[in-house]
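Residue numbers for the sequence shown, in the numbering used here: 395 to 955. Have a look at the structure below, then the notes.
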Amino acid sequence: MKKIIVSLILFSTTISAQYTDITIVKEVKVKNKGVVVSAHPLASEAGAKVMKMGGNAYDAIVATQYALAVVYPQAGNIGGGGFLVGVKNNGEKFTIDYRETAPKKASRDMYVDKNGKANTDLSQNGRLAVGVPGSVAGFFATLKYCKLPMGKLIQPAIDLAEKGFAITEQEANLLNNNKQNFQKHNQSSIVFVKDIPWKAGDLLVQKDLAETLKLIQKQGLKGFYEGKTAELLVSEMKKGNGIITSEDLKNYKVAERKALEFDYKGNQVVSMPLPSSGGLLLAQMLKMAAYENLEKYQQNSTQAVQVMVEAERRAYADRAEYMGDPDFIQDKTSYLISDEYLKNRWKSFSFSKATPSAEVGKITKQPKESTETTHISVIDKDGNAAAVTTTLNGYYGSKVVVSGAGFFLNNEMDDFSIKPGVPNMFGAVGGEANSIQPNKRMLSSMTPTIVLKNGKPYMVVGTPGGTTIPTSVYQAIVDVIDFKQNANISVNAPKFHHQWLPETVAFEKNFPETTIKDLEKLGYKSEKWNQIGRTEMILIDDNGNIHAVADGRGDDSVAVE
Ligand code: DON
């Protein structure tokens with residue numbers, strides 16, 4: 395891989411290890427070739443590899459996700475769920491929803507104790523926090539858009555799990571920081587825990603995971619949802635307070651949903667509909683911000699940030715009130731993104747001061763905030779585009795590894811509103827629309843997005859970051875379309891985030907101080923965060939020149955076919 399793309403690499407670093415060289419490629423400019431941008435160089439390379447074998451963007455996105463489940467266990471997964479947004483070169487748009495579902499035995503107040511207190515430890519850690527995994531069903535649902543058989547798409551992941559790979563410094567730190575959590579939530583020993591601390595370059599071999607992947611390779615969907623893997627998962631549940639049954643696994647279904655599409659300044663935005671709030675929030679925020687002609691201002695200037703924050707405030711208040719699984723609630727999307735509704739919502743905006751959050755939504759309780767998920771952007775040489783965001787929810791999800799099967803289980807149940815007004819791990823509050831019901835999907839913020847210009851993919855973008863996902867994607871789009879920034883500047887510029895509650899605006903640590911000071915004078919409360927998002931962006935210009943950028947905040951990396 396390195397040999398082939400050296401001349402295209404604008405910025406790269408190499409981490410050498412005993413057995414493997416890992417080259418992190420941050421930025422690539424190329425034409426007539428497929429590119430993959432993901433959180434890990436080996437996963438991006440797995441995607442590029444299957445494109446070289448004749449695969450398209452959808453083959454690449456499946457191979458990359460399997461590889462992420464091996465090399466990026468903090469968020470890459472087969473024990474979680476995700477969303478795919480695709481635009482084919484013939485203009486066809488589609489989405490695949492492989493979000494986890496609440497097990498059949500789940501109930502509205504399952505995390506609320508006798509005294510009415512919500513127990514977020516139970517919704518965030520251990521077996522009761524696990525939703526029925528959707529990822530493997532999602533990969534099989536993607537196959538109809540692919541050119542290669544599943545057996546080939548999963549092979550790079552099997553090789554990585556069997557032979558092992560050298561971990562990066564970030565991964566070593568994360569594994570070390572989670573050692574106690576892993577020990578607390580797993581009775582048997584797991585490969586992620588060692589007696590001595592992990593360090594960069596150490597080899598991580600995952601034999602059990604390799605066997606699970608081989609079962610999927612041999613038996614298809616049943617290799618995960620039935621038979622040995624399912625039995626191991628269910629017996630893992632029984633080791634503690636888990637409630638997922640073999641029936642839950644057998645009954646899991648993906649949903650293919652019509653993409654949420656809207657115009658933004660002559661560009662067509664194609665994003666994920668409910669049960670992700672992502673596309674809907676994106677539409678609301680972009681449309682409200684457009685009422686103030688954002689293109690007049692500079693990126694991260696006081697006025698631009700004020701307009702964008704106020705649009706965020708109004709959209710996130712709606713998230714808490716109206717958004718949830720559309721198969722369970724009345725879907726108000728078209729009304730919520732209509733000009734009729736949004737113009738009225740925007741009436742209370744004023745450049746002279748911050749709008750109090752209480753004026754734009756019903757506040758029940760003041761939440762705390764906090765922020766693993768991962769995003770992949772792909773375009774192939776024929777112009778097919780794919781954007782996937784996938785997650786275990788928190789880092790390593792519930793921290794539970796299915797004993798004998800080698801993969802982490804999600805803690806996605808925490809994305810439900812476990813009690814109206816009680817914030818989840820991202821500080822998001824919700825109400826009835828996102829309450830727990832058996833088989834229901836928990837509301838997400840994931841926002842895999844493809845922007846089209848003249849009907850052709852112009853931008854493929856997305857990021858992890860919990861509730862900061864929609865606001866980061868929103869900034870990425872505004873940076874490129876309104877502020878005419880290139881992909882590198884847009885991805886790596888300091889970000890900000892507001893989500894109605896708490897009332898505070900979060901700024902990334904290197905955000906321009908003058909803007910923060912000016913906003914404070916207008917009544918905005920501010921807070922500094924270390925990092926917001928890990929955006930993976932591909933821009934394709936009118937002449938087909940591709941500019942792919944992997945976020946500088948992590949080990950994220952671009953690979954070329
Ligand atoms: O679906 C969601 O919105 C969350 N479970 C995503 C979690 C996430 O992005 C964590 N990343 N840092």
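Note that the Cβ used here is the ideal one computed from N, Cα and C, for glycine as well.
Residues of its chain near residue i, where Cβ-Cβ distance is below 7 Å and the 5 sequence neighbours each way are ignored
i	result
GLY825	ALA714, GLU715, SER811 and PRO814
GLU971	Outside the displayed span of the chain (395 to 955) sits residue 971, for which this structure offers no information.
ASP776	ASN450 and ASN483
ASN513	TYR505 and ASP507
LEU554	LEU436, ALA461, VAL464 and VAL465
LYS850	GLY777
MET717	LEU668, SER671, LEU674, ALA827, ASN828 and LEU837
ILE610	VAL530, ILE548, GLY617 and PHE618
GLN577	VAL587
Nearest neighbour of residue i, chosen from the options [CA to CA]
i	options	result
ASN580	ALA653, ASN848, GLY791 and ILE910	GLY791
GLU806	VAL526, GLN459, LYS578 and ASP949	VAL526
PRO720	THR495, THR458, LYS425 and VAL794	THR495
GLN564	ASN450, ILE418 and ASP876	ILE418
TYR852	ALA900, GLY917, ASP936 and GLU930	ASP936
THR349	GLY927, THR841 and ALA748	The structure shown has nothing for residue 349, since the chain only spans 395 to 955.
VAL899	GLN611, SER771 and MET702	MET702
LYS546	VAL456, VAL481 and GLY558	VAL456
PRO858	ASP503, LYS878 and VAL885	VAL885
LEU834	VAL855, ILE723, SER797 and GLY480	What sits at residue 834 in the sequence shown is Lys, not Leu. The residue with the shortest Cα to Cα distance from LYS834 is ILE723.
ASN519	GLY485, GLU486, ASN575 and ILE548	ASN575
SER751	THR727, ALA709 and THR768	ALA709
VAL795	THR768, VAL524 and VAL431	VAL524
ASN1001	ALA653, LEU615, LYS652 and LYS622	Limits of the chain in this structure are 395 at one end and 955 at the other, which puts residue 1001 out of reach.
ALA551	ALA454, ARG947 and ALA594	ALA454
ASN661	THR843, ILE910 and GLY636	THR843
ASN818	VAL479, TYR452, SER517 and GLY510	SER517
SER839	THR908, PHE901, HIS769 and GLN459	HIS769
GLY558	ASP596, LYS578, THR727 and ALA653	ASP596
ASP808	ASP515, GLN459 and GLY636	ASP515
LYS922	ARG928, VAL628, ILE910 and THR623	ILE910
SER665	GLY856, ARG707, ARG947 and ASP503	GLY856
GLY917	MET544, THR696 and SER583	THR696
PHE820	ILE926, TYR452, SER432 and THR908	ILE926
ASN880	VAL481, TYR691 and ALA942	ALA942
ILE416	ALA560, SER582 and ALA779	ALA560
SER797	ILE638, LEU627, LYS511 and LEU598	LEU627
GLY636	GLY510, ARG521, LEU598 and LYS726	ARG521
Residues near residue i in its chain [Cβ-Cβ closer than 6 Å; skip 5 each side]
i	result
MET682	ALA705, LEU736 and TRP740
GLU955	LYS427, GLY428, ALA442, MET445 and LYS446
ALA500	ILE830 and PRO832
ALA822	THR861
LEU680	TYR658
SER951	ILE418, VAL419, PRO435, SER438 and ALA944
PHE877	GLN693
PRO864	GLY672, LEU675, LEU676, SER839 and THR841
PRO888	GLU902, ASN904 and PHE905
ALA440	ALA457, THR458, ALA461 and PRO550
ASP642	PRO497, LYS498 and VAL526
LYS593	ALA566
TYR685	TRP740
Sequence-distant residues of its chain with Cβ nearer than 8 Å to residue i (five each side left out)
i	result
ILE940	VAL422, LYS423, VAL424, LYS425, LYS427, VAL429, ILE773, ILE932, LEU933 and ILE934
TYR789	GLN468, ALA469, LEU568, ASN572 and GLU766
GLU650	PHE488, THR489, ILE490, ASP491 and ALA535
ILE757	SER751 and LEU895
SER742	THR749, GLU753 and VAL754
GLY485	GLY849
ASN924	GLU902 and LYS903
heavy atom of ligand 3 below 7 Å from residue i C-beta
i	result
GLU494	Ligands in the displayed structure: ligand 1; ligand 3 is not one of them.
So does the stretch 450 to 467 actually touch the stretch 781 to 789, counting three or more Cβ pairs closer than 8 Å? yes
For the stretch 468 to 484 against the stretch 630 to 642, are there 3 or more C-beta pairs whose distance is under 8 Å? At 8 Å Cβ cutoff, the stretches do not touch.
Runs of alpha helix (DSSP H) wholly within the stretch 401 to 470 (minimum 4 residues, chain order): As for any alpha helix (DSSP H) of minimum length 4 sitting wholly inside the stretch 401 to 470, the runs are 435 to 446 and 451 to 465, ordered along the chain.
With three or more beta-carbon pairs closer than 8 Å as the criterion, would you say the stretch 881 to 897 touches the stretch 719 to 736? no
Ignoring anything shorter than 3 residues or poking outside the stretch 653 to 696, list the beta strand (DSSP E) runs there in chain order. Segments of the beta strand (DSSP E) lying fully in the stretch 653 to 696: 654 to 658 and 661 to 665.
Whether or not the stretch 796 to 804 and the stretch 599 to 607 are in contact is what I'm after, with contact meaning three or more pairs of Cβ atoms, one per stretch, closer than 8 Å; do they touch? yes
Indicate whether the contact test is met: 3 or more Cβ pairs, each with one atom in the stretch 856 to 870 and one in the stretch 536 to 543, closer than 8 Å. no
Please give me, in chain order, every unbroken run of the beta strand (DSSP E) with length at least 3 that falls completely inside the stretch 810 to 857. Segments of the beta strand (DSSP E) lying fully in the stretch 810 to 857: 843 to 847 and 850 to 856.
If you scan the stretch 703 to 748 from start to end, which runs of the alpha helix (DSSP H) of 4 or more residues do you find wholly inside it? 727 to 730 and 733 to 740
I'd like the ranges of any alpha helix (DSSP H) spanning at least 4 consecutive residues and lying wholly in the stretch 586 to 656. 601 to 613, 616 to 619, 621 to 632 and 640 to 645
Ordered list of alpha helix (DSSP H) runs contained in the stretch 479 to 560, each at least 4 residues: For the stretch 479 to 560, the full-length alpha helix (DSSP H) segments reaching 4 residues or more read 514 to 518, 529 to 536, 544 to 547 and 549 to 557 along the chain.
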